[in-house]
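There are 2 protein chains.
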Amino acid sequence: MNLPVKNAVVLLSGGLDSATTLAIAKSEGFECYALSADYGQRHRVELDAAARVAQALGARAHRVFRIDLAAFGGSALTDPSIAVPEKPAEGIPVTYVPARNTILLSLALAWAEVLGANDIFIGANAVDYSGYPDCRPEYLQAFEAMANLATRAAVEGARMAIHAPLVDLPKAQIIRRGANLGVDFGLTVSCYQPDPEGRACGRCDSCRLRRAGFAAAGVPDPTRYPP
Amino acid sequence: MNLPVKNAVVLLSGGLDSATTLAIAKSEGFECYALSADYGQRHRVELDAAARVAQALGARAHRVFRIDLAAFGGSALTDPSIAVPEKPAEGIPVTYVPARNTILLSLALAWAEVLGANDIFIGANAVDYSGYPDCRPEYLQAFEAMANLATRAAVEGARMAIHAPLVDLPKAQIIRRGANLGVDFGLTVSCYQPDPEGRACGRCDSCRLRRAGFAAAGVPDPTRYPP
């Protein structure tokens, strides 16, 4: 008996969270179409990481969509004149990229509609995270509500679901979940300012959250740092 | 006394509706930042039209954002193998571009946040239109609700408004409104498949709606057709 194929679009940055999200989607039986964005980010080695992760976890396809968010600026991740902070600070940090997840989810929505997919996965997390507004559950719910009015598929009765399976998990639990699903975290890059070989700075917000997560999870940390 | 500057991002396709929308935003006192998208559409002469309209109507800036929606396909406007229909048909036509307005509004949201603008204008219309789901008022309201959870500006208390001043107007009223505001409709291109000189086919859905609108409005129709 053949089960019907369920396609899903999975946003894949190349970091730890999105790799785990892809593994979860696969474990739930989805044929996964991984979508990365080359959005002018300074940490572009993450795109190579995304390609490795997509292949290792058996994504059906991996597409890197070019979109020049650096043209808008306004973020340390897209504007070289704004330094990546290396100490925790109050409020939403300068690494926030204006409307990034809204743009990425919109692209995923377009691809999903063309594929006939009713499911989009995103590795957003609102526990051990940088305080980005577009990682919060209430935002993701609002996007889903909008998506269900936006498309021909919706008008014709399909229901689009935005899955954020990590949204309520501490980083350590994400790491354990990924490890149990066989994610090779050595393929992933979380650092906001890795060197050209993909080695992590160890000082940015993303590095700090990652390092603490591995320690708390009791999982060996494969992150590469410069000697 | 100097009034505070109010910035707005205005989506500008180069057609009649978005030109009128830009004129309305200007008439309401906004400094207008016009945003067009080169999304792989077959009717790219509309981008030249957008540039002319932005200049004629005094936009503060005009930016053409490149985004390759043709990579996803699924529409007669982005896939040369799907013909533009030249007769009315039931349902949502094949000129629908998956998630187009969601992507365009997301880009507008990003630019608005960087500019410190709390207002986005879109020429969506749900009366004399092609039945696109992402032109309906309920969709636009859902996008606005999502946008107000998506950004740092929203978290910090700003309220983003999505303005669709044409949404409930018949085409003839849009044309009269634009004419009263001094829009030179001769600069605009509505046709889905204009020739390289920007002359309209006269047969596609968009041409039919435009031609009927000018006739009903009693406004001279400057549309150029091939001899």
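Heads up: the protein sequence lines correspond to chains G and P, in order.
Quick note: to get my numbering, add 112 to the position in the first sequence (first position is 1).
Quick note: to get my numbering, add 112 to the position in the second sequence (first position is 1).
Every residue, glycine too, gets a C-beta built ideally from N, C-alpha and C.
1) Mind pulling the beta strand (DSSP E) runs of 3 or more residues that sit fully within the stretch 169–237 of chain P?
2) Tell me the residue span of the alpha helix (DSSP H) that contains E256 (chain P).
3) For the pair the stretch 130–145 of chain G and the stretch 313–324 of chain G, tell me if three or more CB-CB distances fall below 8 Å.
4) Mind checking if G186 (chain P) is an interface residue toward chain G, Cβ cutoff 8 Å exclusive?
5) Taking C-beta to C-beta, are A284 (chain G) and A229 (chain G) nearer than 8 Å?
6) Does F233 (chain P) have its Cβ less than 8 Å from a Cβ in chain G?
7) Could you give the first and the last residue of the continuous alpha helix (DSSP H) run that contains L124 (chain G)?
8) With 7 Å as the limit, tell me which residues of the stretch 214–229 of chain G have their beta carbon closer than that to any beta carbon of chain P; keep them in chain order.
9) To the nearest angstrom, report how far apart K118 (chain P) and F142 (chain P) are at their CA atoms.
10) Given a limit of 9 Å on CB to CB distance, which residues of the stretch 161–180 of chain G reach chain P?
11) For Y151 (chain G), which residues from the same chain have a beta carbon less than 6 Å from its beta carbon, with the 5 sequence-adjacent residues on both sides left out?
12) According to DSSP, which residues form a beta bridge with F142 (chain G)?
13) Between L159 (chain P) and the rest of its own chain, which residues show a CB-CB distance below 8 Å, the 5 nearest in sequence each way excluded?
14) Exposed or buried, D280 (chain G), counting other C-beta atoms within 10 Å across all chains shown (16 or more means buried)?
15) For R264 (chain P), go through chain G and note every residue whose CB falls closer than 7 Å to its CB, in chain order.
16) So what's D317 (chain P) in DSSP terms, helix, strand or just coil?
17) Taking the Cβ atom as the reference point for each residue, do S218 (chain P) and S302 (chain G) lie within a distance shorter than 8 Å?
18) Give the residues from the stretch 257–282 of chain G that approach chain P closer than 7 Å (Cβ to any Cβ), ordered along the chain.
19) How far does the beta strand (DSSP E) with A273 (chain G) in it reach, from first residue to last?
20) Go through its chain and collect everything with a Cβ distance to T190 (chain G)'s Cβ below 8 Å, but skip five positions before and after it.
21) Count the other C-beta atoms from every protein chain shown that fall within 10 angstroms of the C-beta of D307 (chain G), then say buried if there are 16 or more, exposed otherwise.
22) Kindly say whether A183 (chain G), judged by its beta-carbon, lies nearer than 8 Å to any beta-carbon of chain P.
23) Since R248 (chain G) meets chain P, which of its residues come closer than 8 Å, beta carbon to beta carbon?
24) Which same chain residues, not among the five before or five after A273 (chain G), have their C-beta less than 8 Å away from its C-beta?
25) So that I know if they touch, is there some Cβ in chain C lying closer than 8 Å to that of Y251 (chain P)?
26) Would you decide whether E225 (chain G) is buried or exposed? Buried here means 16 or more other CB atoms lie within 10 Å of its CB.
27) If I measure Cβ to Cβ from A137 (chain G) and keep anything under 6 Å in the same chain, skipping five residues before and after, which residues do I get?
28) Would you kindly work out how many angstroms separate the C-alpha atoms of R164 (chain P) and G170 (chain P), rounded to a whole number?
29) Closest by CA to A97 (chain P), which one among P:G290, P:G298, P:Q253, P:F297?
30) Could you list which residues in chain G have their beta carbon closer than 7 Å to that of F297 (chain P), in chain order?
31) If you compare alpha carbons, which of P:C316, P:V331, P:Y337 is closest to G294 (chain P)?
32) DSSP on A312 (chain G), reduced to helix/strand/coil?
33) Does the beta carbon of A254 (chain G) sit closer than 8 Å to a beta carbon anywhere in chain P?
34) Are P245 (chain P) and I286 (chain P) close, meaning C-beta to C-beta below 8 Å?
35) Can you find a C-beta in chain P that's less than 8 Å from the C-beta of A201 (chain G)?
36) Are the CB atoms of D129 (chain P) and L278 (chain P) within a distance shorter than 8 Å?
Reading off the structure:
1) For the stretch 169–237 of chain P, whole beta strand (DSSP E) runs of length 3 or above, ordered along the chain, are 173–178, 231–233.
2) Start and end: 249–262.
3) Short answer: they don't touch.
4) So, interface residue.
5) For A284 (chain G) and A229 (chain G), no; Cβs fall outside 8 Å.
6) The C-beta of F233 (chain P) comes no closer than 8 Å to any C-beta of chain G.
7) Note, L124 (chain G): premise wrong, no alpha helix (DSSP H); not H, not E.
8) Interface annotation for the stretch 214–229 of chain G against chain P: T214, I215, S218, L219, L221, A222, W223, E225, V226, criterion Cβ-Cβ distance under 7 Å.
9) So the two alpha carbons sit approximately 5 Å from each other.
10) So the list reads R175, F177, R178, I179, D180, given in the order they occur along the chain.
11) A distance below 6 Å between beta-carbons, with the five flanking residues on each side excluded, links Y151 (chain G) to the following residues of its chain, in chain order: I179, L181.
12) Per DSSP, G:K118.
13) Once the five neighbours on either side are set aside, the close Cβ partners of L159 (chain P) are G126, S148, D150, V176.
14) Exposed.
15) Proximity of chain G to R264 (chain P) at the Cβ level (cut-off 7 Å) is accounted for by I204, Y208, P245, in chain order.
16) Three-state result, D317 (chain P): helix.
17) With contacts defined by Cβ atoms closer than 8 Å, S218 (chain P) and S302 (chain G) do not form a contacting pair.
18) Cβ contacts with chain P: A257, M258, L261, A262, T263, R264, A266, V267.
19) Here the beta strand (DSSP E) through A273 (chain G) covers 273–275.
20) Answer for T190 (chain G): Y151, G152, Q153, R154, L181, A182, F184, V209, listed in chain order.
21) It counts as exposed.
22) Interface residue, yes.
23) Neighbours of R248 (chain G) across chain P, judged by C-beta separation under 8 Å: L261.
24) Cβ neighbours of A273 (chain G) beyond the five flanking positions: N230, D231, I232, E256.
25) The structure shown contains no chain C; the protein chains it does contain are G and P.
26) Residue burial annotation: E225 (chain G) is buried, with at least 16 other C-beta atoms found within 10 angstroms of its C-beta.
27) Here the set comprises A120, V122, C144, F233.
28) Between the alpha carbons of R164 (chain P) and G170 (chain P) lies a distance of about 10 Å.
29) Because chain P here runs from 113 to 339, residue 97 (chain P) falls outside it and cannot be looked at.
30) Chain G residues near F297 (chain P): none, gap ~29 Å exceeds 7 Å.
31) Closest by alpha carbon: P:V331.
32) DSSP, read as helix, strand or coil, puts A312 (chain G) in coil.
33) With 8 Å as the cut-off, A254 (chain G) counts as an interface residue toward chain P.
34) No, these two residues do not count as a Cβ contact at 8 Å.
35) Taking Cβ atoms only, chain P never reaches closer than 8 Å to A201 (chain G), which makes this a no.
36) In terms of Cβ geometry, L278 (chain P) and D129 (chain P) form a close pair [threshold 8 Å].
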